[in-house]
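First up is the structure itself, then whatever we jot down about it.
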DNA sequence: GTGTGATACATCGTAGCACGAAGTATATCA
DNA sequence: TGATATACTTCGTGCTACGATGTATCACAC
């Protein structure tokens, strides 16, 4: 998928992938992969951005000798997902504009 | 609408707005306005990019003392719109991923 | 015990892109 | 005479996704 097209979806997708259950970087990438592929460097940038925006919180947990950073969504993060629904209405309208055929034009 | 979300839609939207009928900058902005607002500087950047990518051709026409640059879509431009339909399938899947509720998770 | 691949996170530089600001120029209407 | 609409252009800025590279542990094979 085109990079530009991904941009607006990425943040919300990451939030959606931790919405139901706290998760960590490596797992988020795997969960999103069927829908939207992203590199590690991209994800960690996004996670930092979302943390700075108070949309998620982090806690480090030792797991089998390795460190894992678990991300937890905040109320603001949940709001961001809710607000996406309004964006989605606009996207649907844009989609119609793009795919419309010329029948009755001015 | 969020800038990031617009990015992937803009190019295709501009192509769609000249698909049925040649058009010029100022008119394109007005036609798109109900769906997607964009500034003049943005549009003219996009038009140049699409021209460089052979997705449209330009011809200047004098209209009431002012110059107008009419843009005409090429076959490659039409292809770009057709290909968007595949992207759209992916977007729909992503939308489902984002809005899904936790009922049966792994 | 040594190599390979998976897991896990981090940093840096780059390039694409949308935008605001500012500019040029003409026509219309108050 | 000045405001508003039309019409196109250029410049600088800031955001962001990505590849490249690095660090470190664990499991498994050979």
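Chains as they are written, first to last, in the working numbering: chain A, 354 to 459; chain B, 354 to 459.
Don't be surprised by glycine CBs; every beta carbon is placed ideally from N, CA and C.
Predicted model only: the values in this text are computed from it and were never measured.
Compare the C-beta of residue i with all C-beta atoms of chain A and state if any pair is closer than 8 Å.
i	result
residue 446/B	yes
residue 361/B	yes
residue 457/B	Because the pLDDT at residue 457/B is just 47, under 50, the model does not fix this residue reliably, and the point stays unresolved.
residue 367/B	no
Identify whether residue i lies in helix, strand or coil by the three-state DSSP scheme.
i	result
residue 453/A	coil
residue 420/B	strand
residue 409/B	strand
residue 415/A	strand
residue 376/B	strand
Considering only C-alpha positions, which residue in the set the options is nearest to residue i?
i	options	result
residue 413/A	376/A, 430/A, 407/A, 406/A	376/A
residue 446/B	387/A, 357/A, 380/A, 378/A	387/A
residue 358/B	408/A, 420/A, 440/A, 452/A	440/A
residue 452/A	452/B, 437/B, 453/B, 379/B	437/B
Can you list, in chain order, the residues of its chain whose CB lies under 8 Å from that of residue i, leaving out five sequence neighbours each side?
i	result
residue 434/A	365, 368, 369, 372
residue 360/B	none
residue 363/A	389, 391, 395, 399
Within 8 Å (strictly less), CB to CB, does residue i reach chain B?
i	result
residue 354/A	yes
residue 443/A	yes
residue 430/A	no
residue 388/A	yes
What do you reckon, is the C-beta of residue i under 7 Å from a heavy atom of the ligand HEM?
i	result
residue 419/A	Among the ligands in the structure shown, none appear at all, so the ligand HEM cannot be discussed.
If you drop the 5 nearest sequence neighbours on each side, which residues of the same chain put their C-beta closer than 7 Å to that of residue i?
i	result
residue 382/A	391, 393, 396
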